[in-house]
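>
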Amino acid sequence: MTQSRWRIAAVLLLAASSTGSLAQFPAKAIMLISPFPAGGGPDAYLRPLAMKLTEQIGQSVLIDNRAGGGGALMMPQLARAAADGHTVGVVTNSTLIQKHVQPAHAYDPIADFAQITRLVTGVTVLVVTVNSPVKRVEDLIAHARASPGKLNYGSGGIGTPSHLAAATLQSVANIDTVHIPFKNAGDVVPSLLRGDLHFSFQVASFVVPLIRAGKLRGLAAGSSARMRELPDIPTLIEMFKNDLLAQDTWVGLAAPARTPAEILRRLHAETVKALADPVIIQIIERTGTLPAPSASPEEQQAYVLRENEKWRQIVRLSGVKAE
């Protein structure tokens, strides 16, 4: 066989293999590993989304909640999974942040994963209880400056978006407050409601329902624009004119690196279709976030690269380091 025929045969074999892998996918249930606690925040839309995907693809999409460490607990598990599309992970900006804060983490957020799509975008909201004497961000800063080291705030762990948002505000506003990291992000808001914490930055999906219920007071949004759901709450950049205070959050899907491109495209297409369902849109918007699917897996990969650089700069400004 001539060299040219060998090349043609190799191309045909590769094409046949590629077509075969897509034709057989999914061959079994798809495991969706999530860094969020069951029943908390984004889980409110992830479960209906998984049910919709199950309906579309004819195989079960099961959620495995592995909360803790801003995604640091689940990411190594996702990286080690078979690259066949049957294990997918819920990834967020936290998975990028953690590597900048703690370089020793056993995963590379860029090299170890193949991006599929964004699901939603959201914001962190600076909140206090309705019983707090703090009515505005200016009040919080005044209290903090009058009593350095006396006010505390909680987050879901070192290097999580809620920690970075507070640490960045502390740096920009030149105040001294005490960080109390929690092992489980779902425990922060109950602690705030009990009066154990003075304030906290929380992902909108966790606190918008409580703000609407009159249990929490929203002081400011850590976003580039005001929230559509709570337009009366100002953004931090309106007050401080510092773009690094616009720390918009996002949630997406990724697979292990080396997952075949055609499987990534199939997962992308099915997810985008599910996100367009009116019921799913309503559920997502109710949490204070917005559907934001990527145009393609390649577009999401490029987006994650840009986000990685942005969060590197934010980590540097905030001064957050592993303890």
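Going by the working numbering, the residue at position 243 of the sequence shown is 249; the numbering climbs one at a time, nothing skipped. By construction, the Cβ of each residue, glycine as well, lies at the ideal position given by its N, Cα and C atoms. Since the model is a prediction, treat every value here as computed from it, not as a measurement.
1. The alpha helix (DSSP H) that contains Met245, what's its start and end?
2. When the distance is taken between beta carbons, is His274 closer than 8 Å to Ile36?
3. Grab the span of the beta strand (DSSP E) containing His185 for me, first residue to last.
4. Figure out for me which residue from Ala56, Gln65, Thr98 has the closest Cα to the Cα of Leu311.
5. Got a sec: does the ligand MN put a non-hydrogen atom nearer than 7 Å to the Cβ of Pro240?
6. Using only the alpha-carbon positions, how far apart do Ser206 and Lys316 sit?
7. Report the rounded CA-to-CA distance for Leu225 versus Ser153, giving the unit in angstroms.
8. Taking DSSP's pairing of strands, which residues face Pro262 in a bridge?
9. Would you mind working out which of Glu235, Ala260, Ala231 sits nearest Lys247, comparing C-alpha positions?
10. Quickly, what does DSSP pair Val278 with across the bridge? List them, please.
11. Pro187 and Ser161 - do their beta-carbons sit closer together than 8 Å?
12. For Ser66, tell me which candidate among Ala56, Gly74, Ala73, Arg72 has the shortest Cα-Cα distance.
13. By the 10 Å Cβ neighbour count, where 16 or more other Cβ atoms means buried, how is Gly91 classified, buried or exposed?
14. Contact between the segment 62-82 and the segment 128-135: three or more CB pairs below 8 Å?
15. Using the beta-carbon count (16 or more within 10 Å), is Glu144 buried or exposed?
16. According to DSSP, Ile320 sits in a beta bridge with which residue or residues?
17. Would you list the one or two residues that DSSP bridges to Leu296?
18. For Val184 and Asp249, what's the separation of their Cα atoms in angstroms?
Inspection of the coordinates gives the following:
1. 242-246 is the extent of the alpha helix (DSSP H) around Met245.
2. In this structure, His274 does not lie closer than 8 Å to Ile36 by Cβ.
3. Taken as a continuous stretch (DSSP letters only), the beta strand (DSSP E) holding His185 covers 184-187.
4. Ranking Ala56, Gln65, Thr98 by Cα distance to Leu311 puts Thr98 first.
5. Ligands in the displayed structure: none, and consequently the ligand MN is not present.
6. Using only the alpha carbons, I get a separation of about 22 Å.
7. Leu225 and Ser153: Cα-Cα distance of roughly 20 Å.
8. Note: Pro262 sits in a beta bridge opposite Phe119.
9. Closest by alpha carbon: Ala231.
10. Answer is none; Val278 lacks a bridge partner.
11. Pairing Ser161 with Pro187 gives a Cβ-Cβ distance under 8 Å.
12. Distance from the Cα of Ser66 is smallest, within the candidate group Ala56, Gly74, Ala73, Arg72, for Ala56.
13. Gly91 comes out buried.
14. Between the segment 62-82 and the segment 128-135, the count of C-beta pairs closer than 8 Å stays below three; the two stretches do not touch.
15. Flag for Glu144 reads exposed.
16. Within the DSSP secondary-structure output, Ile320 pairs in no beta bridge.
17. DSSP links Leu296 through a beta bridge to Thr127.
18. Computed Cα separation, rounded: 24 Å.
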